[in-house]
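Here's the structure, in structure tokens; my notes come after.
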Amino acid sequence: MAKQIPEEMIEEIRNANDIVDVIGDYVQLKKQGRNYFGLCPFHGENTPSFSVTQEKQIFHCFGCGKGGNVVTFLMELENYSFYEALQYLAKRVGKDLPEATSGKTASISSENQSILSAYEWLTKLYHHLLRYTKDGKEGYSYFQSRNVSEHAIDEFQLGFAPNIKDFTAEFLKKKGFHQQLLVKAGLVSLQDDNSVTDRFRGRVIFPIRNHLGQTVGFGGRSLGSGEPKYLNSPESELFQKGRLLYNFDLAKKHIRKESRVIIFEGYMDVISAYQAGIKNSVATLGTALTEYQAKLINRYVDTSILCYDADKAGLEATYKAANLLLSVGSDVKIAQLKDGKDPDDFIREYGAEAFENEVIRSSDTFMAFMMRYLKKDFNLSLEGDRIDYVEAVLKQLALIESSIEREYYLKELSVEFNLSIETLAQEINTLRENSGAFKDNTDKKSYTNTNGAKYKRQKLMPAYYNAERQLISYMLQDGKIADKVREEIGASFNLEEHKIIVTFLYAFYEEEQLPDVSLFIERLDDPNLRKLVSEIAITDIQRDISDQEINDYIRIIRAESQDKANIISLKEQQIIAEKQSDPIRAAQILSQIIEMQKQMKNTY
Numbered sequence: 001m002a003k004q005i006p007e008e009m010i011e012e013i014r015n016a017n018d019i020v021d022v023i024g025d026y027v028q029l030k031k032q033g034r035n036y037f038g039l040c041p042f043h044g045e046n047t048p049s050f051s052v053t054q055e056k057q058i059f060h061c062f063g064c065g066k067g068g069n070v071v072t073f074l075m076e077l078e079n080y081s082f083y084e085a086l087q088y089l090a091k092r093v094g095k096d097l098p099e100a101t102s103g104k105t106a107s108i109s110s111e112n113q114s115i116l117s118a119y120e121w122l123t124k125l126y127h128h129l130l131r132y133t134k135d136g137k138e139g140y141s142y143f144q145s146r147n148v149s150e151h152a153i154d155e156f157q158l159g160f161a162p163n164i165k166d167f168t169a170e171f172l173k174k175k176g177f178h179q180q181l182l183v184k185a186g187l188v189s190l191q192d193d194n195s196v197t198d199r200f201r202g203r204v205i206f207p208i209r210n211h212l213g214q215t216v217g218f219g220g221r222s223l224g225s226g227e228p229k230y231l232n233s234p235e236s237e238l239f240q241k242g243r244l245l246y247n248f249d250l251a252k253k254h255i256r257k258e259s260r261v262i263i264f265e266g267y268m269d270v271i272s273a274y275q276a277g278i279k280n281s282v283a284t285l286g287t288a289l290t291e292y293q294a295k296l297i298n299r300y301v302d303t304s305i306l307c308y309d310a311d312k313a314g315l316e317a318t319y320k321a322a323n324l325l326l327s328v329g330s331d332v333k334i335a336q337l338k339d340g341k342d343p344d345d346f347i348r349e350y351g352a353e354a355f356e357n358e359v360i361r362s363s364d365t366f367m368a369f370m371m372r373y374l375k376k377d378f379n380l381s382l383e384g385d386r387i388d389y390v391e392a393v394l395k396q397l398a399l400i401e402s403s404i405e406r407e408y409y410l411k412e413l414s415v416e417f418n419l420s421i422e423t424l425a426q427e428i429n430t431l432r433e434n435s436g437a438f439k440d441n442t443d444k445k446s447y448t449n450t451n452g453a454k455y456k457r458q459k460l461m462p463a464y465y466n467a468e469r470q471l472i473s474y475m476l477q478d479g480k481i482a483d484k485v486r487e488e489i490g491a492s493f494n495l496e497e498h499k500i501i502v503t504f505l506y507a508f509y510e511e512e513q514l515p516d517v518s519l520f521i522e523r524l525d526d527p528n529l530r531k532l533v534s535e536i537a538i539t540d541i542q543r544d545i546s547d548q549e550i551n552d553y554i555r556i557i558r559a560e561s562q563d564k565a566n567i568i569s570l571k572e573q574q575i576i577a578e579k580q581s582d583p584i585r586a587a588q589i590l591s592q593i594i595e596m597q598k599q600m601k602n603t604y
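Mapping of the sequence shown onto our numbering: position 520 corresponds to residue 520, and the numbering continues sequentially without gaps.
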């Protein structure tokens, strides 16, 4: 695939996309030293072990070992082909790839490509009908009644599906789509007589997009007495409610800018918030927040604000979602809505400014919410229930690491229930001591620049192993060092994977390439080699290295190689001595072998 695109263009596109900016669209990165760190998008973790270096334009995870450059990152995360990754990066910087590459291999099946295309056509059609035709007037009137602006209608591509049985099927049939595919995609419903009807007919349409902005499903709301009131596309490979968040594609940049995300339960809540200027908002798709969604959110931002309905069901959903977010390492706040209103109703009645100031900015901490939540299970007019309630709150407070935060809420309890703060504090200390879960106070969000030692405790490696890795690291950034090593020892490294890497590196420099770790990684076809090179390259090394230091590394590598060769020779001599029935000679040789092996171990 790469051969179909001029190398100069590949390099131009890659260089135009800073790896920190691209990965920053997927991961919340924080700078520590020369590198950036964040939560790895390839495996679940609460402590950041994912490192990105702007200088070398590469990434590496010390937890799972994934590594590469900006192109391979997209190929790994999005399951893109090489062409698709380049196409994404090219669009990102306003460039076009040559038409000659159009015969690319796609990362998704042709069937799913057709489904995406069908959704794209229908999104445009339903939106056009809503905005510009008499057929869509009913839907347009509905959104007007909900105070949705034309700008928001356009931004969210809201639409209307006419209440005509075969309208959608006929439209897509003319576009070349097969009925069987449309049934499978959930765009039409198959009847007993093998005819089809529009699944969303007579409903206003909320296109549901994935993080790339592609419509992968619809949410439809009935305008009449039709049931169910709300209807989503059926679950499929492209549309999985537990892995999608409404408006996530548009909200990503605002989430990063605001350093927080507002999580709603409904589409209209998000749209109303957007119109109120709160654009860092997303919503679940009619289901409870899932662990996948929580981890996705936590990769982007530290603070999540839950803004669910104020009724009993909303309270329970808030409790479950808050605990899930906390479990993946997110800081959680809970917005309070007065008078039992949902977010959309609140904004329409009290306005955008009141929502921002009285709801979002006045959000409770999780503990304040928890104290409120626990009260529903107790009758505080009864002495026994009051004691039980206080004990339940203390158990929650014992989980808090911040002594300042604990004391703050202890004072609230002390005042409310006329209890001495000393007694409450003593009870909490007892709970914490008995739990034994608070001995390690390491910050769950700490970022480090220590080559992953914090994440992966590895055994102490032999001197030759470290010498080879250090030497390769210098060779990756300096062609002259690579030339010197080639002259001295060629590919005679002791580890097989190191031999392969330096062999490729010599070939890379032979093409008159300047040192470029990112480009070198891209040339490696073996993903395991990519991981290893990224791990070696991301290691911090001195800017300058003396010839003496290089010679020392070479000497250590040579010595190990020679020692191994000597041991092999001695083992051959031992076998000969045993065959010649000379046990004394064989024992002497074995003693030499053991002594040499002992000396080699002393270099660990």
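Think of the CB as a built atom: it goes at the ideal place given N, C-alpha and C, for glycine as much as any other residue.
- Rounded to the nearest angstrom, the gap between the Cα atoms of residue 575 and residue 587 is 11 Å.
- Per DSSP, residue 242 lies in no beta strand (DSSP E) segment and is marked neither H nor E.
- Remark: fewer than three beta-carbon pairs, one from each stretch, lie closer than 8 Å, so the stretch 44 to 51 and the stretch 78 to 87 are not flagged as touching.
- Under the three-state reduction of DSSP output, residue 145 falls in the helix class.
- Using a Cβ distance threshold of 8 Å, residue 475 and residue 517 do not count as a contacting pair.
- Annotated three-state conformation of residue 35 is strand, per DSSP.
- One thing to note: residue 216 has its Cβ within 8 Å of the Cβ of residue 239.
- Looking from the CA of residue 85, the closest CA among 316, 511 and 17 belongs to 17.
- Closest by C-alpha distance to residue 367, out of 427, 220 and 405, is 405.
- Counting every other CB atom within 10 Å of its CB across the protein chains shown gives residue 467 a total of 16 or more, marking it as buried.
- Following the DSSP letters along the chain, one finds residue 50 inside the beta strand (DSSP E) bounded by residues 50 to 53.
- Beyond the five residues adjoining it in sequence on each side, residue 343 comes within less than 7 Å, by CB distance, of 264, 269, 272, 273, 307 and 337 in the same chain, given in chain order.
- Between residue 160 and residue 181 the beta-carbon gap is near 23 Å, outside 8 Å, which marks them as no contact.
- Non-local beta-carbon contacts of residue 340 in its own chain, meaning distances under 7 Å to residues more than five positions away in sequence, involve 310 and 311 in chain order.
- As far as DSSP is concerned, residue 425 takes part in no beta bridge.
- The DSSP assignment places 58 to 61 as complete runs of the beta strand (DSSP E) inside the stretch 54 to 131, in order along the chain (cut-off: 3 residues).
- Its chain contains 129, 160 and 162 as the residues whose beta carbon lies nearer than 8 Å to that of residue 135, once the 5 sequence neighbours on both sides are disregarded; these appear in chain order.
- Here residue 583 is exposed, its C-beta having fewer than 16 other C-beta atoms within 10 Å.
- Inter-residue distance for residue 352 and residue 322 is about 25 Å (C-alpha atoms, whole angstroms).
- Assigned with DSSP and collapsed to three states, residue 200 falls in coil, not helix or strand.
- For the pair of segments examined, the stretch 510 to 524 was found not to touch the stretch 418 to 437: the number of CB pairs separated by less than 8 Å stays below three.
- Residue pairing of residue 309 in beta bridges, as defined by DSSP: absent, with no partner found.
- Here the alpha carbon of residue 184 sits roughly 12 Å from the alpha carbon of residue 196.
- Here the C-alpha atom of residue 424 lies approximately 56 Å from the C-alpha atom of residue 154.
- Scanning 244, 538 and 390 for the CA closest to the CA of residue 54 turns up 538.
- In the displayed model, residue 30 falls within a strand according to three-state DSSP.
- With fewer than 16 other CB atoms across the displayed protein chains lying within 10 angstroms of its CB, residue 191 is exposed.
- Counting other Cβ atoms within 10 Å of its Cβ, residue 127 reaches 16 or more and is therefore classed as buried.
- Buried is the label assigned to residue 553, since at least 16 other Cβ atoms lie within 10 Å of its Cβ.
- Scanning its chain for C-beta atoms nearer than 6 Å, with the 5 sequence neighbours on each side dropped, one finds around residue 51 the residues 35, 37, 60 and 538, in chain order.
- Inclusion of residue 230 and residue 286 in the CB contact set at 8 Å is warranted, their separation being smaller than that value.
- Around the Cβ of residue 579, a 10 Å sphere holds fewer than 16 other Cβ atoms; the residue is exposed.
- Non-local beta-carbon contacts of residue 500 in its own chain, meaning distances under 7 Å to residues more than five positions away in sequence, involve 529 in chain order.
- The residue among 92, 22 and 88 with its C-alpha nearest the C-alpha of residue 58 is 22.
- For residue 215, the enclosing beta strand (DSSP E) has its first and last residue at 215 to 222.
- Residue 284 sits close to residue 245, with the two beta carbons spaced by under 8 Å.
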